[in-house]
Structure formats: C-alpha cells, structure tokens
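These protein sequence lines map, in sequence, to chains A and B.
Take the first sequence: its letter number 44 is residue 115 in the working numbering, and every next letter is one higher.
Take the second sequence: its letter number 157 is residue 228 in the working numbering, and every next letter is one higher.
Glycine included, every Cβ here is placed at the ideal spot set by N, Cα and C.
Bear in mind the structure is a predicted one, so any value in this text is a computation, not a measurement.
See below for the structure under consideration.
There are 2 protein chains.
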Amino acid sequence: MKQQEPSPRKAPSPVPSGIAPGLGLTTHESVYRQLRDRILCGGFAPGEAVTLRGIADELGVSPMPIRDAVRRLIAERALEMRDNRRVLVPPMTRTKFTQILFARKALEPELAGLALSRLTPKAISKIEAIDDGLGRSVSAGDPQGYMRGNYQFHFTLYERAAAEMLLALVASVWLQFGPFMRMAYGRLGTSDLTDFHEVAISAMKDRNETALRRAITDDIEQGMGYIGDTVLGRRQ
Amino acid sequence: MKQQEPSPRKAPSPVPSGIAPGLGLTTHESVYRQLRDRILCGGFAPGEAVTLRGIADELGVSPMPIRDAVRRLIAERALEMRDNRRVLVPPMTRTKFTQILFARKALEPELAGLALSRLTPKAISKIEAIDDGLGRSVSAGDPQGYMRGNYQFHFTLYERAAAEMLLALVASVWLQFGPFMRMAYGRLGTSDLTDFHEVAISAMKDRNETALRRAITDDIEQGMGYIGDTVLGRRQ
DNA sequence: TCACCCCCATTGTGATCACAAATTTGGCGC
DNA sequence: GCGCCAAATTTGTGATCACAATGGGGGTGA
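See the structure below:
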C-alpha cells in the first residue's frame, strides 16, 4: 500500500473507487483520506503536532503528497497552521464550540430534510444497520468504531440530499470537532437519555420531515452537550 | 528574497488592487490572495481553465507555490478539479445556486447579529464609507470596484462577530458565487428597488438586531435574485 | 468530405534538493 | 546548580526534473 521506491510505478486503473490506498488514487488523495478518517475517528489528540516528514515516514511516501494533503486539511480547518508555520490539530475553544453547534443546527436538519424524499427503503435499512453496528461498538467499548459509525449514520443520510456544497460545509464542521468526540466517549454508555438515532429512523420510515429534522436537531444538541461538558467543563 | 532566477523574470503584472506580493508573506500566500481576490471580483469567467504553469508564468513565480494556492482554493470550492485533473472555475448549477442561497440566509444574518453588539460607531462609519464608495462604483460603471466594495461591506461587518469559523464557511460560499456576480452587474444601476445596505446601516445605528438581520436577509435575497435571474434564466 | 487514429504538446503528480527560519540541545561562564 | 548563548537539528518553502495521462491537431484512408 505504500510505495517508497522511486522505481515501482503503476496506476493502471484510472477509476477511483474505494479507500484502498494506491488503487487508481493519487498518493496525496490516499494520504488525505487516511488523515481525514483518522481525524474524524479521534486518531489525533487536540494540540498534537503534525509534521510533513513525520507523516511521510509513517506512511512510507515522500513529503510531497503529504504536503498536498495537509494543505487541503488546513483549508478545511481540520488542521491548523500557526504563525511559526507549525502544523497541529486545533484545540477547542468555547467560542469555536458555540459556532460549531450553531452551524450544525443550521445546516444538518436541512440536509436531512432534503434527503428524506430521496430515501429509498433500502437506504433506510442501510442506515438502520449502521445504527445497529454503532450500538455494538458502544457495548464493545470501541471508540473508533463508534465514531466512524456515527459519522456514517449522519452522512449516509445527508449524502442522499444531493446537496454537495452543503455537505462539504458540514463535513468541514465535523472535521473540527472530531478530535473531541473521543474525549466524550466515556459518557455514552451510561446515559439513559433518548436515542435520537432511533427516533430519526422512525421518522424516515414515516416520511415525516418535521419529525426527522427535530430528531437530528435533538441528536446534535445531545451529542454536542456531551462534548461541551467533557471538553470545556460543565461550567466556566 | 523572492526567487533566485534560473531565467529572467518580468515585472509583476496585473494586480489591480494593492495586494503587494511579498510583505513578509510566503509566495503561495501572496498568490492565494491574488487569485482569491480575482475570483471574488469577477476576474475569472465561470468554466475558465486554470493551469499551474499558466498562472506561474503570469505571476512570474515557479509552479510550486501556485500548486499550493490552487490546492487551497480547490479545498475551499473556489476552484474545481475534474476527474481528468483539469482545474477550472466551477460553473453554476441550479441546485448549487439553491444551496448557496440557503447557506447565506442561514449563516450571514447570524454573523451580522453577533457583530452588532461589538460594532463601534467608528466601525459603522467605515461601513458607511464603503457603501458610499460602492455607489460611486456603480455610477462609474466599475464592476470590479462594485464587487470588491460589496464584499468589503458585508465582511467588514461580519468580521466584528469574532466568529472566525462561521466567517470561513461564509467566505467559502462567497467564493463559489463570485464569478457570477459580474454577469449580474448590468442590472444593478437600473433597479429602483430598496437599497438594503442603507437599511442595514440604519439598523446598526439604532442597535436593532432584528432589523439588521432582516436587512441582511433581504439584501441576500435581492442580490441572489439578480444572479439567479441573470445566470440561470428567469424560468427553466 | 468525413471519420478515425497516431503523434506531440500540455498538464498535474511526485521525488529530490537547497534554503531560511524556528526550535531544541549542549555547553560554557557565572 | 543555574541561566544564557551558540551550534545542530527540525521544519516548512520553493525550485527543478522526470513521468504518465490527457487533449488537441494533423494527416491518412474510405
């Protein structure tokens, strides 16, 4: 999956498909997806430094495609470059948290609403299956699996909206709170609150747009509540 | 130290408004700002091809910093890379237009509302001065000046919100409809509709948040109406 | 006249090197 | 020991080159 030799060159399949690194994908695209996935699943700690040569050695490629991927993630605000040109995973602040919460509530219910009329029963089943797997990840104590499942739950729905531009905005927002979800993971199992994912699935089956938007909003507020309490302290 | 030369470089060519290249800035940062400014002011036509070496020759630098700047603009959706790896200024579509309108109405009034309590009288005067210059640009038949002024009017206000993350989302949205504003420019002078910029300035002076949000919303709807009619046709 | 195909210029990708700024480290003087 | 300065390392930036894929242009054949 990693070519570190200058000689072996091949990219026979021009068709990009799948996350499989180096199968019709450019190197920087493959690197980008790996880093992005890692950020979304809590694989980086907030404040952690990211260096081009460090990632390059780790993934076994030259620094150049890393440079492309990191620059893209910086533009998406998934990473941050300080004035000293050091790259790091951005820390959370209270005001940034407030903005993320607002943006999510402003955009995600709309995406869900747009998606509803395009949701096939098959797609709903897929989302339901993802949610089942999500529950298993919680039981198994698998934070990364939980985060990936939660992401898939929301974005499998949102992608049906056929609103690529709004989807990109929301993806950027998720990248910005990804590293903090992990820190809130511990509270998930103990909660006896409503599972708004199931409420949302019911609303999908009922084709009830109002209820779906409500469930997504509630899920956002509950989830961000976990993160806000855990990361920023319940008061302060 | 800019570039030591393996070949003679010529004078920095057409930079319409003063973004001086190289004032403690990296080359790619300078290139990024020039390209960004050009996109926001209608300096590129939708569908126009953008090549690394083409821009590099035009700006008199090597392709490398161009590559960085273009990749950043692609991530911000100001430019688009097709599957064939060709880079171009994205064309508008009806569904993209709808998403842009929604995102603007969802985010910009909030930024204006957040900014209001931080607006000093001096800042209001500055915004008023920008609006005056905007009127002069219309009278003088200066599309670029109008677009730059319009951008400054909105973002001078929004920047006061101290909500950097929301500001970045909105900036990305503006970059996506920038190339189309120019095509709608011709209709501006002839209109006898309400000038919502002036309504907004009055609301700022009155410290009336509701009125300000309303004025921004109205301005968005009116302005995007121009663009939508012009670019997409009044029907279809 | 038109369709097809081959050749070549163009384009983005990735590797490697040189360089300057920032950081870290080591050691010297007090 | 402690603080401070200089050497060494690390890091992003920019240039240059090689390469493969794409696209355009021109020529050939029916």
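Contacts around residue i, its chain only, beta-carbon distance under 6 Å, and the 5 residues preceding and following it disregarded
i: residue 177 (chain A); result: none
i: residue 174 (chain A); result: 244
i: residue 160 (chain B); result: 115, 117, 119 and 250
i: residue 162 (chain B); result: 117 and 118
i: residue 98 (chain B); result: 132 and 136
i: residue 206 (chain A); result: none
Close Cβ partners of residue i (< 8 Å) along its chain, the five nearest in sequence each way excluded
i: residue 114 (chain A); result: 108 and 215
i: residue 147 (chain A); result: 242, 243 and 246
i: residue 218 (chain A); result: 111, 112, 113, 249, 252, 253 and 256
Boundaries of the alpha helix (DSSP H) in which residue i is found, first to last residue
i: residue 20 (chain A); result: As shown, chain A starts at 72 and ends at 307. That puts residue 20 (chain A) outside it, with no answer to give.
i: residue 344 (chain B); result: Missing from the structure shown is residue 344 (chain B); chain B here goes from 72 to 307 and no further.
i: residue 115 (chain B); result: Element bounds for residue 115 (chain B): n/a, residue is neither H nor E.
i: residue 238 (chain B); result: 235-252
i: residue 163 (chain A); result: First-last for residue 163 (chain A): undefined, no H or E at that position.
i: residue 128 (chain A); result: 123-130
i: residue 277 (chain B); result: 267-277
i: residue 393 (chain A); result: Outside the shown range of chain A (72 to 307) lies residue 393 (chain A), about which nothing can therefore be said.
i: residue 196 (chain B); result: 192-211
Residues near residue i in its chain [Cβ-Cβ closer than 7 Å; skip 5 each side]
i: residue 187 (chain B); result: 275, 278, 280 and 283
i: residue 296 (chain B); result: none
i: residue 287 (chain A); result: 179, 180, 183 and 271
i: residue 292 (chain A); result: none
i: residue 231 (chain B); result: 186, 189, 190 and 194
i: residue 201 (chain A); result: 220, 223, 224 and 227
i: residue 127 (chain A); result: 133, 134 and 137
i: residue 152 (chain A); result: 145 and 158
i: residue 121 (chain B); result: 141, 150, 158, 159 and 160
i: residue 123 (chain B); result: 134, 137, 138 and 141
i: residue 273 (chain A); result: none
Whole-number beta carbon distance between residue j and residue i, since they are thought to touch under 8 Å
i: residue 208 (chain A); j: residue 220 (chain A); result: 6 Å
i: residue 222 (chain A); j: residue 111 (chain A); result: 5 Å
i: residue 142 (chain A); j: residue 157 (chain B); result: In fact, because the Cβ distance is near 20 Å, the residues do not count as touching under 8 Å.
i: residue 117 (chain B); j: residue 226 (chain B); result: Actually they are not in contact, since the Cβ atoms of residue 117 (chain B) and residue 226 (chain B) sit about 22 Å apart, beyond 8 Å.
i: residue 300 (chain A); j: residue 267 (chain A); result: Not confirmed; about 17 Å, so no contact.
i: residue 198 (chain B); j: residue 255 (chain B); result: About 22 Å separates the two Cβ atoms, so there is no contact after all.
Along the segment 122-147 of chain B, what residues have a CB closer than 7 Å to any CB found in chain A?
139, 142, 143, 146 and 147
Is there contact between the segment 130-147 of chain B and the segment 102-121 of chain B, where contact requires at least three CB pairs shorter than 8 Å?
Under the three-pair Cβ rule at 8 Å, the segment 130-147 of chain B counts as touching the segment 102-121 of chain B.
Per the contact definition of three or more C-beta pairs closer than 8 Å, is the segment 219-239 of chain B in contact with the segment 169-185 of chain A?
yes
With 8 Å as the limit, tell me which residues of the segment 272-298 of chain B have their beta carbon closer than that to any beta carbon of chain A; keep them in chain order.
Listed in sequence order: no entries.
Anything in the segment 152-180 of chain B with a Cβ closer than 9 Å to a Cβ of chain A? List those residues in chain order, please.
154, 156, 166, 167, 169, 170, 171, 173, 174, 177 and 178
Residues, ordered as in the chain, of the segment 96-115 of chain A that lie near chain B by beta-carbon distance below 8 Å
none
Using a Cβ-Cβ cut-off of less than 8 Å, list which residues of the segment 225-242 of chain B approach chain A; keep chain order.
Taken in chain order, the members of the segment 225-242 of chain B whose beta-carbon sits within less than 8 Å of a beta-carbon on chain A are 233, 234, 235, 236, 237, 239 and 240.
Given a limit of 8 Å on CB to CB distance, which residues of the segment 245-257 of chain B reach chain A?
247
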